[in-house]
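A quick write-up on the structure given underneath.
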């Protein structure tokens with residue numbers, strides 16, 4: 017009986033222990049499941065996104081050449097810990113083929129540096145596309161293997177990464193059209209390098225050139241982490257910056273720049289600047305300086321050349337202003353071209369000021385004051401103008417105001433105040449271009465009046481903008497104000513033609529073309545004193561039966577000669593010859 021009870025108790029204990037173990041196991045299972053559920057897990061996301069930076073617009077010449085353009089730069093990054101040692105050489109060889117980088121260089125980098133290694137910082141866009149495809153193929157070929165992080169116990173896999181690192185501004189034609197197009201600076205933003213315009217067209221049209229919207233794609237990912245593009249994915253397209261199309265053709269600009277380089281040496285000048293404008297519509301088809309620079313590698317010696325001298329060099333223009341003074345007088349009926357003016361045999365005193373002429377005259381007609389560039393003659397004629405009329409006349413011709421809206425940092429110069437121009441000495445000296453300041457483009461704009469029936473044309477460097485779909489965005493044309501009567505402009509134009517045929521501009525003559533213009537020579541002021549150096553100028557026009565161009569050139573500090581007839585006029589003549597050679601002007605020569 018006792019044995020029977022003992023057996024029964026043992027059986028019950030066994031059942032209890034077994035039941036307890038089952039319950040404990042079940043509770044343990046529930047605990048593990050609960051912890052697994054509550055614990056934060058680093059599961060790979062089912063979704064991913066990709067972005068691509070939009071680029072800055074280009075600057076394009078009138079004949080379709082990209083003078084300034086932007087290329088994206090990429091960097092190639094790999095973590096050497098994840099390269100399968102057995103396939104390391106395969107990685108090296110394939111990366112070398114796709115990137116163009118020497119295999120030895122790659123091998124040395126991944127041998128010397130451990131962990132994250134940047135194989136290249138300057139991979140261009142086309143090569144980057146090939147390398148992105150290579151990155152996919154390397155994963156497929158199991159060149160990269162998973163590794164466990166001892167600290168976290170997690171496994172991960174890192175392959176070849178091709179990452180956008182910035183953009184580079186390229187100038188394939190070197191110094192061409194500098195300083196007009198300007199140059200950019202680099203700006204770092206969250207690890208990405210942008211460029212931003214500092215001078216010239218690059219600066220003026222910064223808002224138009226800069227990128228508007230980056231590309232963004234997001235959606236479900238495949239096993240390799242790439243986006244699955246379907247109806248559930250989202251894509252925001254890039255909107256790149258607008259291209260800026262110039263009125264300046266590269267072929268003509270190149271020829272004129274080369275000519276200025278040659279003339280600078282010949283005339284021993286510090287700089288020569290020139291511009292050609294279509295008088296009908298203001299399109300500037302050439303704007304050049306002998307002093308240029310490489311936008312991507314500016315040296316300290318280039319600093320004086322960074323400014324656009326055509327608008328940023330303001331100077332006393334000298335005798336080219338005589339034409340303006342004469343036009344103001346003529347338009348107000350204060351002078352007749354055939355009036356006689358006393359030349360005082362080359363020496364005349366106004367107040368305390370002694371005015372001299374290079375060539376001595378006894379008497380000459382009012383129009384010949386311009387033809388033969390008489391300081392004494394124009395100084396006497398100018399006394400007929402009131403200070404108000406003279407000041408307003410100069411302002412009407414565009415002096416002391418911006419001339420070229422497509423460029424920045426223009427120095428507008430100055431004209432004497434009304435009260436100053438009531439003084440006979442100020443009136444006299446201003447009449448032949450002293451006591452006021454102007455730049456080349458202001459002079460070209462003013463002279464366009466004589467070649468355009470009295471209307472003044474605004475110089476236009478930029479033709480229009482182009483968006484990424486090749487649609488043109490036009491720029492409103494500037495109004496052409498009537499500065500003087502058409503009859504006055506016609507008469508002054510005839511006098512400027514006579515100046516070329518008989519006067520100081522004879523070296524500008526070109527058979528079969530209508531050529532007119534005026535010379536100018538002026539002392540240079542340094543530290544408020546005139547020094548024994550000069551600027552020379554010739555501003556005028558060259559026309560055939562179809563086309564009309566206003567042309568100006570300034571020779572800064574020539575050592576060969578102080579006379580415009582020997583310096584600026586030959587440069588003007590070379591420009592006209594270039595226009596003829598390139599078909600912009602067609603001489604009407606009777607054989």
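In our numbering, the protein residues as written are 17 to 607.
For glycine and all other residues, C-beta sits at the position ideal for the given N, C-alpha and C.
Answer with buried or exposed for residue 303, where buried requires no fewer than 16 other C-beta atoms within 10 angstroms of its C-beta.
With 16 or more Cβ atoms within 10 Å of its Cβ, residue 303 is classed as buried.
Kindly indicate which residue of 528, 506 and 533 has the alpha-carbon position closest to the one of residue 519.
It is 533 whose Cα lies nearest to the Cα of residue 519.
Give me, in chain order, the residues of the same chain whose beta-carbon lies closer than 8 Å to that of residue 381; leave out the 5 immediate sequence neighbours on both sides.
Closer than 8 Å at Cβ, skipping near neighbours: 353, 354, 355, 356 and 357.
Hey, could you find the ends of the beta strand (DSSP E) residue 205 is sitting in?
Where residue 205 is concerned, the enclosing beta strand (DSSP E) stretches over 200–205.
Along the chain, where does the beta strand (DSSP E) that runs through residue 212 open and close?
Unbroken beta strand (DSSP E) run through residue 212: 208–213.
Consult DSSP for residue 517 and reduce its assignment to one of helix, strand or coil.
DSSP places residue 517 in helix when its eight states are reduced to three.
What did DSSP end up calling residue 608 once you bin it into helix, strand or coil?
Residue numbering for the chain in the displayed model covers 17 to 607; residue 608 lies beyond these limits and cannot be assessed.
Where does the unbroken alpha helix (DSSP H) through residue 279 begin, and where does it stop?
Its alpha helix (DSSP H) spans residues 266–283.
Is the stretch 91–100 in contact with the stretch 175–187, if contact means three or more CB pairs nearer than 8 Å?
Yes: at least three Cβ pairs fall under 8 Å.
Please state the DSSP three-state secondary structure of residue 33.
Looking at residue 33 - three-state DSSP - the assignment turns out to be helix.
Considering only DSSP beta bridges, list what residue 559 is partnered with.
For residue 559, which the question treats as bridged, DSSP gives the partners 530 and 564.
Of the residues 400, 188, 457 and 450, which one's Cα is nearest the Cα of residue 420?
Measuring from the Cα of residue 420, the nearest candidate turns out to be 457.
If you pair each beta-carbon of the stretch 430–444 with each one of the stretch 390–405, do three or more pairs fall below 8 Å?
Segments in contact, yes.
Do residue 462 and residue 406 have their C-beta atoms closer together than 8 Å?
Result no, Cβ atoms of residue 462 and residue 406 do not sit closer than 8 Å.
Take residue 227 as the anchor and find which of 85, 100 and 365 has the nearest alpha-carbon.
The residue with the shortest Cα to Cα distance from residue 227 is 85.
In chain order, what residues of the same chain have a beta carbon less than 7 Å from the beta carbon of residue 425, not counting five sequence neighbours either side?
So the qualifying residues of the chain are 328.
When the Cα atoms are used, what is the spatial distance from residue 334 to residue 537?
Rounded to the nearest angstrom, the two C-alpha atoms are 5 Å apart.
When burial is assigned at 16 or more other CB atoms within 10 Å of the CB, is residue 442 buried or exposed?
Residue 442 should be labelled buried.
Identify whether residue 474 lies in helix, strand or coil by the three-state DSSP scheme.
If DSSP states are grouped into helix, strand and coil, residue 474 belongs with coil.
Quick one, are the C-beta atoms of residue 432 and residue 409 less than 8 Å apart?
Not in contact: residue 432 and residue 409 (Cβ atoms no closer than 8 Å).
Using 8 Å for Cβ pairs, my map puts residue 197 next to residue 75. What's the rounded Cβ distance?
Confirmed, Cβ separation roughly 6 Å.
Mind pulling the beta strand (DSSP E) runs of 3 or more residues that sit fully within the stretch 285–369?
Runs of the beta strand (DSSP E) inside the stretch 285–369: 287–294, 300–305, 356–358 and 363–366.
In the DSSP assignment, find the unbroken beta strand (DSSP E) run with residue 259 in it and report its ends.
Here the beta strand (DSSP E) through residue 259 covers 259–262.
Quick check: the Cα distance between residue 386 and residue 429, rounded to an integer number of angstroms?
Cα-Cα distance, rounded: 24 Å.
Taking contact to mean 3 or more Cβ pairs, one atom from each stretch, closer than 8 Å, check whether the stretch 477–492 and the stretch 335–343 are in contact.
Counting Cβ pairs under 8 Å, fewer than three are found: no touch.
Check each candidate in 404, 449, 418 and 368 and name the one with the smallest Cα separation from residue 391.
For the residues 404, 449, 418 and 368, the minimum Cα distance to residue 391 belongs to 449.
Within 10 Å of its beta-carbon, does residue 203 have 16 or more other beta-carbons around it, so buried, or fewer, so exposed?
The residue is exposed, with fewer than 16 neighbouring Cβ atoms inside 10 Å.
Which complete alpha helix (DSSP H) runs does the stretch 97–132 hold, if anything under 4 residues is left out?
With a minimum length of 4 residues, the continuous alpha helix (DSSP H) runs that stay inside the stretch 97–132 are 104–115 and 119–128.
Just grab the DSSP bridge partners of residue 177 for me.
Beta-bridge pairing links residue 177 to 93.
Going by beta carbon distance, what residues of the same chain come within less than 8 Å of residue 369, once the five residues before and after it are set aside?
Excluding residues within five positions, the ones whose Cβ falls inside 8 Å are 441, 444 and 445.
Among the candidates 587, 116 and 205, whose CA atom is the shortest distance from the CA of residue 569?
Of the candidates 587, 116 and 205, the one whose C-alpha sits nearest the C-alpha of residue 569 is 587.
Quick one: what does DSSP say residue 590 is sitting in, helix, strand or coil?
Helix, per DSSP.
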